[in-house]
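In this note's numbering, the protein residues as written are 17 to 1229.
As structure tokens, then:
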């Protein structure tokens, strides 16, 4: 009977494990459990193992207990434990009872607690030294930020993710608050909150879902070679604290304001160049005021010893300056048509459409080399609509401000608007022990947030700030069941919702009415751009052809819902069998996303371009209300992208203790990500290899038959098919089903306090809808139309003034062939996920005084990185392309009348399609080598610190522009390996340090424990804390943009997708290097004289002197925050703490702006056409006077851009 029962138990366990591994319909992309394990070996004083010892584990937070028995090898293990502090009590016949206090376990980790027994009576108790705190069990390189460090380090933010910069393997990416994972690119990590996924489904980045700071128990980062249980290129986990057996609470108030802050170097520069005006009489001081308040309360639920709660609420009010700075605005004197301060050669030519009186010719014009030019425009000619636009939306500057007489620009413009953030955040956690074998936890977070901190369209301050209305909800539920001391199961589920709505401050109708448009004018406007634009936010944009700052449309955020919903469920089964600890399980994530990025593509509310003539000529035509050179709009406005997908994966992990000092970690994970499905089937892909019966290459592909009616008719005429006809999924790409990820590792305890760990693993990045949004949900829709004036049908002007009503600048004109072909991107049907191979070797040693040191080699090899190339790009050549008026004979003027000839189009692979035919492939590779050293002191006697240094060499051939899973574009797509070089955002040297030191004086401290209360109030309770970073500079790529390209382009390449940096800005080119670029002069770190124009012929890409990616090395950066706190005891339980946090205490300017390539922008080049050869030639270069000048300071790695002081007040009990 006993044997039968034993066989039944073994079968039951095997069945449970099999069900866990293979029985789920959705086998998921695992977040992994946040529960940890405590294991150890029980020995006697001679080192012999003690089998059958009773082990009791006490959770010091709740006083709840778990039990186990050591096996024949003396080993015990207790799994599925919450993070926190535990007490281990071991008893065995013939031995004294041993107690090991303060075994610290962090979420998802394995803590080792070996116990040495002493001979004696069981009734006797002996307390043994604390357990080791270095990782002796897995190859994982990881870090933990504790609850105390989160609350007391001077981070100047209550954003938990700002603490990620304290990790040596995470640096700042393409802007403040973004992340670059060393050894990988800036996307693909997995973020979770209490075991529930928090990566947003659109970008793959963490949403704003966070718990209150008061409730966070720990922040754990698994950086390298983590086990098969976890997904992503890195794994970031935030865990909330549980309520405990005692009642605890907190109240806090923080304030940071401009009165206690230093001015940044940008503010000082703006003040030195400020000129008063009637609208702005004094320099706009950078006022800000941040207030934060809230509290928490936790403890046992009354009348229950097994139910515990944690609740918190906090509120933030933040007013901060939004800076407007520009050097290309028209001078204020030009607003009213006064060009008297402009040099005669730069004064505007009198337009042919204007007839002047003899008096006006005499008083308002001047004859320059036979050309009649305006000195001032007669008031009668100024258009009332454009005058109203200037008055309402252009910056109010002084007519006495310095002017650039050569082009009419204001030398420098500086202004601030007050941005605002209001955020409320609430957290509630309930933990309940249903039985001694069942535990249940539920955590809910809610966060409403209103924010306006970015310009709608800088530098036009009258358009105001983009409005953001956001609300977040997260729910996490988990249930842990203990089948036996050797078999434990955890089931978990939850949701993460983020609702976000971004808008500008005006509708098209409101904008036009504000300019004086009457009903007939507005009707004429919607008659062209379409009625669908009426109910949106936004306005008409105006481009001055590079002469002056563009009056932008507001871009993609003008009218943008941005909702993300994640539903998660998972299960992990832990089975301890002899020397094996086997984990198996699954998690599934359902992503749902709504994004208005796609419906803002192009110019849905219209863009007018004035590019005829010189700089002031263009502005003059605008002032008079004359027709623009071109008027662009979209044919049909699409609705926001509405997509969903599933992420699946499952794993098995075996930690095999083949020797008491050697553990092997053997794991295997399988990951499956389904394609994103658009609920309305508004996706368009392109099959470039299909050949129609008429010989035409390619066809458009849509999800369903119903989608055909929703796409551009020109696509149907070209050739279109449904997904089922092509043999591809409804998401227009096929799932990558080959993502097997083995994880191998070993940990060898060469001595009790020394360990060598190492491993190898394959990892895949998490998914993001942005990877299909841009190429398939955006590019194929909102197809552009561009009108130009023709003799038969001229474009209309601005209504009013010399123009009639009932017409608009979009009326009339002829649709140009340039830009009139359908735009399309092609995503390969079988595109694969990039593969990242990680390998590391670590030596770690525990030293006296609670110190530990770590030395690690971290290696990475990346393959299949995604990068884009243009299917319609011609290889650079010397044969003119698009340089005539369209007849192949008559030279054109770039930016005005250039068009493609039939002979030009015949040279293209896809002559009936556009100049932005990007396709994406797994064409990139990369590798990384890093040496990393870390010294860590565990908190003891009021002192803790962490120091780390990383020496890094990371290179790739696929640009990382911080653009999520879409990657970047290859500059030289014909030889993409030419760009193999230093990766973006990477510093070769980086040092991180943080710590907390309590003063040893005063009551409860080492010295002066018995001093009188009055003395203790002076000398006791002091604490100093700090965090800092220092890093060397990273790379920038120098580039020229083009003011009049398309269709005339350097190299005659046709494509408008070429981007010197590797992003998606388009039509930028790398210069020829002719000198030493790193020569510094004053605040200019790069030498502009080292660069000339890019090649214009066949050597556009292959010229040996063309600048390489990240050629320029920017300045390094360092900063330090310092905290000083004083605590007062108020009775036995209450403690009041006053503090000051000095952010960037040395006020050191941090110059490298990772998100801003302005400092690497050489300027704008303009082309002309040789009338004899028809080849493109350089007309002139308009150089950026600020190239290489890092004259501002930027937030870096969580350190403020200038010194600020945060005052803190905190009451705890």
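Note that CB positions come from ideal geometry on N, CA and C, so glycine has one too.
Shown here, residue 177 sits in a helix according to DSSP, grouped into three states. The C-alpha of residue 719 is placed about 7 angstroms away from the C-alpha of residue 747. Within its own chain, the residues whose Cβ lies closer than 6 angstroms to the Cβ of residue 1039, once the five positions on either side in sequence are excluded, are 1014, 1141, listed in chain order. Contact between residue 971 and residue 937 is ruled out by a C-beta separation of about 20 angstroms, above the 8 angstroms threshold.
Assignment of residue 761 by DSSP, reduced to helix, strand and coil, places it in the strand class. Bounds of any alpha helix (DSSP H) do not take in residue 111, whose DSSP letter is neither H nor E. Between the beta-carbon of residue 1050 and that of residue 1130 there is about 6 angstroms, and that keeps the pair under the 8 angstroms contact cut. Comparing C-alpha distances from residue 1193 to each of 1216, 1148, 895, 1031 shows the shortest one belongs to 895. By alpha-carbon distance to residue 84, the top candidate from 69, 98, 1211, 96 is 69. Comparing C-alpha distances from residue 512 to each of 214, 194, 941 shows the shortest one belongs to 214. Between the C-alpha atoms of residue 1189 and residue 1119 there is a straight-line separation of about 22 angstroms. Straight-line measurement puts the Cα of residue 131 at about 10 angstroms from the Cα of residue 61. Apart from the 5 residues on each side of it in sequence, residue 276 sits with its Cβ closer than 6 angstroms to the Cβ of 1221 in its chain, given in chain order. Rounded to whole angstroms, the gap between the alpha carbons of residue 493 and residue 752 is 31 angstroms. One thing to note: residue 627 has its Cβ no nearer than 9 angstroms to the Cβ of residue 655. Under the three-state reduction of DSSP output, residue 406 falls in the helix class.
Taking all protein chains shown into account, residue 947 has fewer than 16 neighbouring C-beta atoms within 10 Å of its C-beta and is therefore exposed. Apart from sequence neighbours up to five positions away, the residues of its chain that approach residue 1035 with a beta-carbon distance below 8 angstroms are 1015, 1017, 1018, 1024, 1027, ordered along the chain. DSSP places residue 918 in the uninterrupted alpha helix (DSSP H) bounded by 918-922. When the alpha-carbon of residue 410 is set against those of 1033, 658, 893, 557, the nearest one is in 557. The C-alpha of residue 680 lies about 59 angstroms from the C-alpha of residue 1112. Residues of the same chain with their beta carbon placed closer than 6 angstroms to that of residue 165 are lacking, with the five preceding and five following residues left out of the count. For residue 1033, same chain residues with a beta-carbon under 7 angstroms away, outside a window of 5 residues either side, are 1144 in chain order. Taken atom to atom, the span from the alpha-carbon of residue 1031 to that of residue 305 is near 35 angstroms.
The beta strand (DSSP E) runs lying completely inside the stretch 727-774 and spanning 3 residues or more are 736-738, 755-767, given in chain order. In this chain, the beta strand (DSSP E) harbouring residue 463 covers 454-468. Nearest neighbour of residue 961 by Cα position, chosen from 643, 868, 67, 817, turns out to be 868. A check of alpha carbon separations from residue 518 across 610, 528, 474 identifies 610 as the nearest. DSSP places residue 472 in no beta strand (DSSP E); its state is neither H nor E.
Closest in alpha carbon position to residue 129, among 118, 266, 573, 123, is 118. Distance from the CA of residue 607 to the CA of residue 690, rounded to the nearest whole angstrom, comes to 10 angstroms. When C-alpha distances from residue 228 are compared across 299, 443, 807, 360, the shortest belongs to 443. Boundaries of the alpha helix (DSSP H) around residue 284: 281-288. The beta-carbon distance between residue 801 and residue 649, rounded to whole angstroms, is 6 angstroms. This is short enough to meet the 8 angstroms contact definition.
Here DSSP, grouped into helix, strand and coil, assigns residue 1150 to strand. Within 10 angstroms of the beta-carbon of residue 1094 lie fewer than 16 other beta-carbons, which makes it exposed.
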